Every structure is written in structure tokens, then in C-alpha cells.
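Each remark here refers to the structure printed beneath this line.
In full-length UniProt numbering, the protein residues as written are 1 to 466.
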């Protein structure tokens with residue numbers, strides 16, 4: 001192990017030991033054992049914070065994934081832990097000729113039962129091979145789309161799900177057996193995982209025109225009923241806030257823009273730590289209620305809140321989990337290369353519009369970039385702004401960041417520096433203090449012996465000089 005050699009003491013020399021020697025040896029052994037134990041405790045505290053992946057389970061591996069509905073994993077549970085890790089580990093790189101930085105969706109969370117958002121437990125059909133993917137549930141046939149191709153190399157991400165821009169149409173170059181889900185087009189494997197995969201994905205990014213969206217009527221399709229379910233016991237603040245934000249706004253599209261603007265307009269603050277410190281981390285209805293009161297959180301809270309508020313308004317919704325576009329790191333002709341790290345983990349809501357299909361919105365302030373149809377300039381001006389609670393922050397936050405460039409500082413994809421794990425360091429300091437207190441008596445005894453020896457030497461020298 002890490003401590004097996006570095007902390008080992010030299011072997012004792014052969015020969016008889018005096019009782020005092022045995023006591024000293026015992027104390028030395030005890031001190032060494034204490035130091036080793038203390039070091040082990042310190043490493044156990046610091047390692048998960050410094051070395052990403054030791055406790056990460058945001059995207060479970062194939063061996064832990066649900067098959068046939070027997071066990072449902074939730075990829076949103078540890079997303080916050082991964083965002084708070086101090087080191088930004090490279091998850092993947094991709095190259096594309098598209099000038100649009102790409103969100104990479106990993107999975108879709110469509111079931112909301114009150115405690116958490118979760119993916120569908122249904123196993124993809126054996127016929128859903130990745131050479132021809134889609135269409136998604138309710139996708140419109142006359143909706144403009146931007147076709148993009150991305151060459152992807154997965155590095156530090158190991159998952160049963162495959163990162164791909166929505167909506168994927170085909171994937172080539174994969175190892176293993178991969179299938180796509182009818183709900184959300186998530187791509188997953190039962191016998192492989194995404195680590196070290198190198199593949200090319202072709203996707204069609206939905207680009208509906210605003211005129212199309214403004215003519216959409218409320219959804220009435222029975223197949224969409226699960227995407228409108230609101231758990232019993234949902235805090236009253238969810239319905240009241242939704243009513244305040246959407247007062248006087250009738251069309252589903254304008255309502256969606258108003259909800260997005262509510263979160264990005266300056267009344268909410270992005271924070272990965274506040275939900276943990278104040279005890280409302282997660283994605284359940286109680287968490288959403290507290291988030292709407294405190295108005296501080298990260299992508300999970302913004303996505304969950306907008307999705308459930310959309311359902312309150314009668315707009316089918318779900319939550320996507322994946323990665324922000326990342327940072328541009330190179331260019332070769334028309335191909336632009338991006339690096340995507342663990343700090344780019346993200347979640348966002350997808351809303352359904354009849355005749356259009358599922359499209360993404362970006363309610364998290366200062367993170368990512370909204371699609372053209374969801375740009376802030378499209379937000380309706382008639383939407384009132386509900387008064388903030390006393391605890392609401394007053395500082396404004398940006399609604400979107402520009403596309404990253406090779407020389408730009410990390411923006412849309414979040415900070416990439418090393419974060420100091422203060423909690424772990426504080427605990428480690430406490431452990432070292434306890435060890436120092438335990439060793440203090442032995443150190444004092446040794447100091448007294450050294451003092452007596454110095455007195456003897458000085459007195460002998462004085463006698464000799466006299």
C-alpha cells in the first residue's frame with residue numbers, strides 16, 4: 001500500500017535488551033504505529049477529495065446498471081460530489097466542424113416520484129441498434145435541425161451510458177453491444193462501458209423557429225401523461241411561485257421562456273456548496289421547495305425546479321444529465337477540438353412541445369449556452385418578477401457565456417483549478433493534534449534526560465578548568 005514501505009522502521013539489532021530498552025522500544029513502536037495510523041486516517045480523509053473517482057458513481061458502470069427493471073440506478077445522486085471534487089479530471093475529448101459547442105447528453109431522467117428524478121427502468125429493445133437511432137417520442141417531422149458530426153475519445157468517464165449530442169442519429173466505431181432507448185434516445189450497453197471508447201456520432205440538433213413554437217398548443221397526448229406527473233406532498237411554494245411567474249402568459253413556449261428567465265434573471269445564485277451547507281441537496285420535491293426559498297444551488301436544483309414548474313404549467317418535462325461543451329483546446333483546419341472534464345458535469349431540463357418534440361432549456365445562471373430558440377432575447381417582457389424572499393441573493397449572474405476559445409479562461413464549462421478541501425484538511429489537522437498530544441509525555445521525558453546530561457557535561461568542564 002501507500003504506507004507499507006515509507007513508514008516502516010528499521011529492524012532491531014540482535015542482543016539482549018535492558019528493561020529500560022524494552023520500554024523505550026515499546027514506546028517507539030507505539031509512536032510508530034500511531035504515526036502510521038494517523039497517516040492512514042489522513043490519507044483516507046484526503047484521498048477521495050483529491051483523487052476523483054474513488055467514491056464517484058455519477059454514471060454507474062455496466063456492471064451496476066439496471067437491466068430489465070430489476071434495479072434502477074440514479075446518475076444524478078453524486079453529480080454534486082463530482083462537481084465539488086478539487087481536481088477537474090478529463091472525461092472526454094471531441095472534434096467537430098460545427099461552430100456550435102455541443103452539450104453531450106448521457107441519460108434522461110423521466111420518472112419523478114417525489115424523492116428523486118430517475119431514468120426509465122425499461123431495457124432498450126434488441127432491435128434498437130446504434131447504426132440507426134430514433135426518432136424520439138413525439139418528435140416532429142417538419143422541425144429544422146442542424147446536423148453535426150463529432151469524433152469522440154472517452155478518457156476518464158466509465159459508464160454504461162454513452163455521451164452523445166441530442167438527438168443522436170447514428171454511432172460508429174464502438175466496441176461492445178450498444179442500444180438506444182425509446183425514451184430520450186439514451187445509448188447504453190449491457191456488456192461494455194464508455195471508458196477508452198473512440199467513436200463517431202452523427203446528431204441532429206433541434207432548431208425550431210420561434211414562429212413554430214409560438215403556435216404550439218398545450219399537449220394532450222396520453223403518451224405524455226407520465227411527463228406531467230407531480231408527486232403528492234409537493235410544497236405549496238412550487239405552485240404559488242409558478243403561478244406568480246406565469247401570470248398573464250398563455251402559450252407554452254412563452255411560459256417556458258419565462259421560467260428560464262426567472263432563474264437566470266439575477267434573483268438566483270449559482271453555488272455548489274450552499275445546498276450541502278444548508279441541508280437541501282438533491283432533487284426531490286422538498287429540496288425544490290427549499291431551493292425556491294433560498295434561491296441558491298447548482299445545475300441539479302435549477303433543472304429540477306424548472307422541470308417540475310413546467311409540469312405545474314401543463315408542459316411535459318424531463319431532466320437530462322450529461323456534460324457541458326467544455327473548453328476549446330485546438331483546431332486543425334475545420335475541425336475544432338474540445339476538452340470536457342468532470343467539472344463540466346451538468347443537468348438541464350427538456351420540455352415537450354406538440355409537433356416539435358423535446359428541446360432543451362438552460363436555467364442555470366452562468367453555466368452553458370442556451371440554444372437560439374431559448375436565448376434571453378426571446379423571453380417575453382410581460383412576465384412579472386416575483387418578489388424575492390429575505391434570504392434571496394441580490395447580485396446578478398450572467399445568463400449565458402460565449403462559446404469557449406482556445407485562449408479563453410474557463411467559462412461555460414466551469415472552473416478547472418484545484419479546490420482546497422478545507423473540511424478534510426481540518427479533520428486531518430485534528431488527527432495530527434491528537435497524535436502530538438499522545439506523544440507529548442515521551443518527548444518531555446526525553447527532554448529531561450537531555451537536560452540532566454547537559455548539566456553533567458557543564459559541571460565536569462568547570463571542574464577541569466578549576
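Glycine included, C-beta positions come from ideal geometry on N, C-alpha and C. Keep in mind the model is a prediction, meaning the values are calculated, not measured.
Can you give me the C-alpha to C-alpha distance between residue i and residue j, rounded to a whole angstrom?
{"i": "residue 131", "j": "residue 180", "result": "10 Å"}
{"i": "residue 65", "j": "residue 111", "result": "Because residue 65 sits at a pLDDT of 37, beneath the cut-off of 50, its placement in the model cannot be relied upon, and the following sentence gives the value as read from the coordinates. In a straight line, the C-alpha of residue 65 is about 16 Å away from that of residue 111."}
{"i": "residue 167", "j": "residue 135", "result": "8 Å"}
{"i": "residue 241", "j": "residue 151", "result": "43 Å"}
{"i": "residue 251", "j": "residue 211", "result": "12 Å"}
{"i": "residue 350", "j": "residue 369", "result": "14 Å"}
{"i": "residue 227", "j": "residue 148", "result": "28 Å"}
{"i": "residue 97", "j": "residue 244", "result": "43 Å"}
{"i": "residue 142", "j": "residue 207", "result": "11 Å"}
{"i": "residue 362", "j": "residue 344", "result": "14 Å"}
{"i": "residue 57", "j": "residue 342", "result": "Confidence at residue 57 is low in this model, with a pLDDT of 41, below 50, so the placement of that residue is unreliable and no value is reported for it."}
{"i": "residue 302", "j": "residue 280", "result": "13 Å"}
{"i": "residue 115", "j": "residue 304", "result": "11 Å"}
{"i": "residue 85", "j": "residue 121", "result": "29 Å"}
{"i": "residue 282", "j": "residue 333", "result": "43 Å"}
{"i": "residue 270", "j": "residue 186", "result": "28 Å"}
{"i": "residue 160", "j": "residue 91", "result": "14 Å"}
{"i": "residue 254", "j": "residue 312", "result": "15 Å"}
{"i": "residue 183", "j": "residue 267", "result": "33 Å"}
{"i": "residue 94", "j": "residue 78", "result": "24 Å"}
{"i": "residue 475", "j": "residue 118", "result": "Given a span of 1 to 466 for the chain in the structure shown, any question on residue 475 remains unanswerable."}
{"i": "residue 128", "j": "residue 192", "result": "16 Å"}
{"i": "residue 190", "j": "residue 162", "result": "12 Å"}
{"i": "residue 178", "j": "residue 188", "result": "5 Å"}
{"i": "residue 367", "j": "residue 176", "result": "34 Å"}
{"i": "residue 491", "j": "residue 88", "result": "Residue 491 falls outside the range modelled here, since the chain spans only 1 to 466, and no answer is possible."}
{"i": "residue 408", "j": "residue 229", "result": "Reliability of the predicted coordinates at residue 408 is poor, the pLDDT of 35 falling under 50, and the value obtained from them is presented with this limitation in mind. Rounded to whole angstroms, residue 408 to residue 229 spans 42 Å at the Cα level."}
{"i": "residue 99", "j": "residue 374", "result": "18 Å"}
{"i": "residue 153", "j": "residue 352", "result": "31 Å"}
{"i": "residue 249", "j": "residue 287", "result": "27 Å"}
{"i": "residue 216", "j": "residue 222", "result": "17 Å"}
{"i": "residue 83", "j": "residue 299", "result": "10 Å"}
{"i": "residue 123", "j": "residue 113", "result": "20 Å"}
{"i": "residue 359", "j": "residue 81", "result": "27 Å"}
Need the endpoints of the alpha helix (DSSP H) that residue i sits in, please.
{"i": "residue 84", "result": "79-84"}
{"i": "residue 95", "result": "Where residue 95 is concerned, there is no enclosing alpha helix (DSSP H), although the beta strand (DSSP E) it sits in stretches over 90-96."}
{"i": "residue 291", "result": "285-294"}
{"i": "residue 213", "result": "210-214"}
{"i": "residue 258", "result": "252-264"}
Mind checking which residues open and close the beta strand (DSSP E) that includes residue i?
{"i": "residue 330", "result": "327-332"}
{"i": "residue 523", "result": "The chain is shown only over 1 to 466; residue 523 falls outside these bounds and no answer can be derived."}
{"i": "residue 123", "result": "Element bounds for residue 123: n/a, residue is neither H nor E."}
{"i": "residue 468", "result": "Outside the shown range of the chain (1 to 466) lies residue 468, about which nothing can therefore be said."}
{"i": "residue 337", "result": "335-341"}
{"i": "residue 153", "result": "145-154"}
{"i": "residue 359", "result": "357-360"}
Mind checking who residue i pairs with in its DSSP beta bridge?
{"i": "residue 297", "result": "270"}
{"i": "residue 241", "result": "Answer is none; residue 241 lacks a bridge partner."}
{"i": "residue 168", "result": "203"}
{"i": "residue 345", "result": "323"}
{"i": "residue 179", "result": "129 and 188"}
{"i": "residue 317", "result": "351"}
{"i": "residue 174", "result": "According to DSSP, which records beta bridges pairwise, residue 174 is partnered with nothing at all."}
{"i": "residue 198", "result": "153"}
{"i": "residue 219", "result": "Residue 219 is not bridged to any residue."}
{"i": "residue 162", "result": "187"}
If residue i sits next to residue j, beta carbons under 8 Å apart, how far is it from one beta carbon to the other, in whole angstroms?
{"i": "residue 165", "j": "residue 205", "result": "7 Å"}
{"i": "residue 372", "j": "residue 264", "result": "About 16 Å separates the two Cβ atoms, so there is no contact after all."}
{"i": "residue 158", "j": "residue 125", "result": "With 8 Å as the limit, residue 158 and residue 125 do not qualify as a contact, their Cβ atoms being about 25 Å apart."}
{"i": "residue 139", "j": "residue 357", "result": "4 Å"}
{"i": "residue 246", "j": "residue 316", "result": "Not confirmed; about 16 Å, so no contact."}
{"i": "residue 219", "j": "residue 347", "result": "With 8 Å as the limit, residue 219 and residue 347 do not qualify as a contact, their Cβ atoms being about 22 Å apart."}
{"i": "residue 467", "j": "residue 144", "result": "Lying outside 1 to 466, the shown extent of the chain, residue 467 is not represented and no answer is given."}
{"i": "residue 289", "j": "residue 235", "result": "3 Å"}
{"i": "residue 238", "j": "residue 306", "result": "Not confirmed; about 11 Å, so no contact."}
Item checked: Inter-stretch contact at 8 Å, needing at least 3 Cβ pairs: the segment 192-204 / the segment 158-177 -> They touch, by the three-pair rule.
Next item on the list: Would you be able to state if there are at least three C-beta pairs under 8 Å between the segment 253-260 and the segment 268-277?
Entry: Proximity of the segment 268-277 to the segment 253-260 falls short of the contact definition, fewer than three beta-carbon pairs being nearer than 8 Å.
Next item on the list: Examine the Cβ distances between the segment 337-351 and the segment 313-328 and report whether three or more of them are shorter than 8 Å.
Entry: A contact between stretches requires three or more CB pairs, one per stretch, nearer than 8 Å, and the segment 337-351 meets this requirement with the segment 313-328.
Margin query: Tell me whether the segment 308-328 and the segment 102-117 touch, counting them as touching only if at least three CB pairs, one residue from each stretch, are closer than 8 Å.
Written below: Yes, the segment 308-328 touches the segment 102-117.
Note to self: Check whether the segment 96-106 and the segment 285-300 touch, using three or more Cβ-Cβ pairs below 8 Å as the test.
What the structure shows: Fewer than three Cβ pairs drawn from the segment 96-106 and the segment 285-300 lie within less than 8 Å of each other, which leaves the two stretches out of contact.
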